Amino acid sequence: MGDPNINASCRYRGGNKNRVSDGKLRKSQLLTSFGVGAIVEINDQSLMGMDISRWSPSITKNKKYRISPIPRLEKMLKKSFFISPPTAPSEIWKDASQTASIPYHRFPKWLECRKCNSLRNYQSQRFTAYKDLSCLKCGANSKFLSPIRFIYSGDNGYLDDINWVYLLHYGETSGCRENHLTKKTLGGRGGGLSAIEISCDKCGVKKNLSQIKQLIYLQSPRSSHPWEQRINAKVEKKDHQPFQQRGATSLYQPRIVSALDLSGSDYEDDIGSEVDQFLQDHEDILDARKFLSDAKEMNIWDQNIDDKKIKQAYEKINSDLPLDFEKIPLEKIKSSIHEEKTDVSEKNEEVNLDDVDSESLKIAEYALLNDDGRQKIKNYDGEKYFISDKILSKYIRSVTKIRRLREVRVLSGYTRHFYPTIHNINASEKVLPWLPGYEVFGEGIFIDFNSSSIKSWVKKNSKAIASRLSVMQKRRDESATNLPFPSAKFVLLHTFSHLMIKQLCFESGYGSSALKERIYVGDDQNEMQGILIYTADGDTEGSLGGLVRMGEEDRLMNSVESMISSAKWCSSDPACLEIGSPGTRGLNKASCHACSLISETSCVHMNALLDRGLIVGSEKENLQGFFDL
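Using this note's numbering, the letters of the sequence shown correspond one by one to residues 1021 to 1649.
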């Protein structure tokens, strides 16, 4: 069990990356930066999102939280449906039902008191509401308590409290194992770890955090979550540093799989009628099916029992239909109950996340985005035109103005420390038929590049391009295999996308985090070379046509020209362009916050695999930029 739940309706109101004021989170944050396994600060608390097996049946069994089907994504992840976290109006969130809340667990358990400097383990008070806690030494109320900033992060991805008592007393001969500790800052030692001292109230032993960090290798990692029974594990990565600040960005990277809704087109898998979908996983259908199956196994089945059970299901289902449904015939319900569901167990299974190829979802999307003329289906309305300007058409073949689109984003797992190992968000042994996700509606523009021009440019500059991308490609193969391979075409389009987003935000008035990208780059078999820039959250900025208007040819021409002109100069040049700004993982070349980095929520690849030099060229390596406008 975790602590009293944090309501899922909350809205983010600023602060640092892992701090939330007023205890409010947006729905999208519950599945991204503050999702399962992530640490979030809410008011004075530090909490961790619990795995989805702990979600209340009030959410998981309530059909109103289910997202409308998107078959391609369900088939890939082998799930029957996706669930969107519940929301409530902001004025009533404090009174929302706990059964309709996403569970969070208090972590770490060690809290320090700002009044008396005591450091205590509050494990025994884990079921006490935070507002009711008081200092175990001086009795000060919870307003004076703060979670310790440092935690143990194992190389296997599981987090734990630092064993302060053991590490503090290690090497001492007194035999003391007192857990009444004091934490204070020493004057005259700067702001590093050596300036923070931990001491024992009983035996007086003292160590600064720098000394404790050096001993951290003595603590064994765990292979279970903090809310589960402890299971110890062995250290695998000898060079891993487990002593971490709980607010470190490297602690959590959500694995989001997303797809555009192509329902109603030839590119979306067949999902049958809405009635079929409604009945497929209906509780009364499943109950009747199980009842009749058990009756046959116990040899008590007869036709009267069968007819009676079907009639009961018929009456119950029709008594609570969606408003837009007509009464479902008895024969329809009977055939649904008797339908053989041999494929359900195959569909609902824990897919190997390392084998999930989300890029394959883009093949059908690229085909629809590139269809000539206007395509208007259930959740997509796009109109394509070919570039007529002779100069611009050398680089961009066509543009599709998209007045409406729907995207579904699903949290499938997460990683830590940017390691490629993906952690499952379901910690139980029971296979669940769902994953958490959410949907957004918006508008956008799709830009399809001239394939022959890209090939000609790559061939002409092959030596210079190989020189610039070699380090990026090597580091990707060593530490970031979950990212696409940084080919010249991919890096070119990805960098163009970032620069274009910044330009469109400047010209159209959208906020820096309101636009999102989707990169379409294929191999020799599925040749793709396009980018989709669209509104990331239709509920916050709206979809009033501003981005679609920017897709008109004359406006687009001006935007591209202005973008290229701005990209030629960066305030960090010449260091940015010639030496490079590789970022924290060395996965960029010429890319920094002054030129081509955008909001992390807008970039599909965490601001990695970028090089402005491919756009504007580099005299140092005799590289000609792709655009010559």
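By construction, the Cβ of each residue, glycine as well, lies at the ideal position given by its N, Cα and C atoms. Quantities reported herein were computed from a predicted structural model and do not represent experimental measurements.
Beta-carbon proximity list for residue i, same chain, < 6 Å, skipping 5 on both sides
i: I1407; result: S1413 and I1416
i: P1440; result: T1501 and N1502
i: R1275; result: S1432, G1433, Y1434 and I1442
i: A1595; result: none
i: N1642; result: A1484
Neighbour-count burial assignment, residue i, 16 or more Cβ in a 10 Å radius
i: N1324; result: exposed
i: S1476; result: exposed
i: C1612; result: buried
i: K1329; result: buried
i: Y1237; result: exposed
i: S1448; result: exposed
i: H1518; result: buried
i: Q1395; result: buried
i: I1232; result: buried
i: S1638; result: buried
i: E1537; result: buried
i: K1420; result: For clarity, residue 1420 is Thr in the given sequence; the question names Lys instead. Buried is the call here.
i: L1206; result: exposed
i: G1174; result: buried
i: S1041; result: Low confidence applies to S1041: its pLDDT is 44, below 50, so where it sits in the model is not reliable, and the reading given next is rough at best. Exposed: under 16 other Cβ atoms inside 10 Å.
i: Q1049; result: buried
i: G1210; result: exposed
Inter-residue CB distance, residue i and residue j (contact presumed, cutoff 8 Å)
i: E1379; j: P1091; result: With 8 Å as the limit, E1379 and P1091 do not qualify as a contact, their Cβ atoms being about 18 Å apart.
i: M1577; j: E1527; result: Not really, about 12 Å apart at Cβ, beyond 8 Å.
i: N1176; j: P1241; result: 6 Å
i: G1171; j: Q1261; result: A small correction: the amino acid at residue 1171 is Ile; Gly does not occupy that position in the sequence shown. Not confirmed; about 12 Å, so no contact.
i: N1399; j: D1468; result: About 21 Å; that fails the 8 Å criterion.
Own chain partners of residue i with C-beta closer than 7 Å, once the 5 adjacent residues on each side are dropped
i: S1591; result: A1614
i: N999; result: No answer is possible for residue 999: it lies beyond the span of the chain, which begins at 1021 and ends at 1649.
i: L1235; result: L1187 and Y1190
i: E1547; result: S1471
i: V1428; result: I1087, I1090, L1093, F1102, S1278, A1279, D1281, G1457 and E1459
i: G1464; result: I1422, L1425, L1552, I1553, Y1554, T1555 and L1567
i: L1153; result: Y1142, Q1145, S1162 and L1165
i: F1311; result: K1329
i: E1561; result: At E1561, the pLDDT of 43 sits below 50, so the modelled position is not reliable and the matter cannot be decided from this model.
i: S1601; result: S1592, N1608, A1610, S1611 and C1612
Opposing strand residues paired with residue i [DSSP bridges]
i: M1068; result: I1059 and H1125
i: F1102; result: L1455
i: C1525; result: Partner(s): none; C1525 has no beta bridge.
i: M1170; result: Note on residue identity: the sequence assigns Phe, not Met, to residue 1170. F1170 is bridged to Q1265.
i: I1467; result: V1419 and I1551
i: C1220; result: L1201
i: L1643; result: S1638
i: D1180; result: Y1172
i: K1396; result: D1401
i: A1279; result: V1428
i: V1541; result: Q1549
i: S1138; result: T1202
Straight-line gap, residue i to residue j (C-alpha atoms, nearest Å)
i: I1485; j: L1524; result: 28 Å
i: M1626; j: G1212; result: 29 Å
i: V1277; j: C1155; result: 43 Å
i: R1250; j: G1433; result: 21 Å
i: I1182; j: N1228; result: 14 Å
i: P1342; j: S1066; result: 40 Å
i: S1144; j: D1374; result: 38 Å
i: V1371; j: K1098; result: 7 Å
i: A1587; j: G1462; result: 28 Å
i: N1481; j: S1490; result: 14 Å
i: I1112; j: G1633; result: Confidence at I1112 is low in this model, with a pLDDT of 36, below 50, so the placement of that residue is unreliable and no value is reported for it.
i: L1051; j: G1402; result: 29 Å
i: D1115; j: I1635; result: Because D1115 sits at a pLDDT of 46, beneath the cut-off of 50, its placement in the model cannot be relied upon, and the point is left open.
i: I1062; j: T1148; result: 16 Å
i: P1105; j: I1122; result: 7 Å
i: A1359; j: D1392; result: According to the sequence displayed, residue 1359 carries Glu and not Ala. Looking at the two C-alpha atoms, the distance is approximately 41 Å.
i: P1453; j: G1267; result: 32 Å
i: T1193; j: D1180; result: 27 Å
i: N1036; j: H1437; result: Low confidence applies here, because N1036 scores a pLDDT of 41, under 50, leaving its location unreliable; read the following figure in that light. Near 19 Å, if we compare the C-alpha coordinates of H1437 and N1036.
Sequence-distant residues of its chain with Cβ nearer than 8 Å to residue i (five each side left out)
i: K1494; result: none
i: L1629; result: M1492, R1496, L1503, P1504, P1506, F1510, V1511, H1514, L1607 and N1608
i: K1450; result: S1073
i: C1158; result: C1133, K1135, C1136 and S1138
i: I1445; result: G1055, V1056, G1057, D1071, I1072, L1431, S1432, G1433, Y1434, L1455 and P1456
i: A1333; result: D1304, I1305, D1307, A1308, I1353 and I1357
i: A1253; result: G1174, N1176, Y1178, S1240, P1241, R1242 and S1243
i: K1347; result: N1338 and L1341
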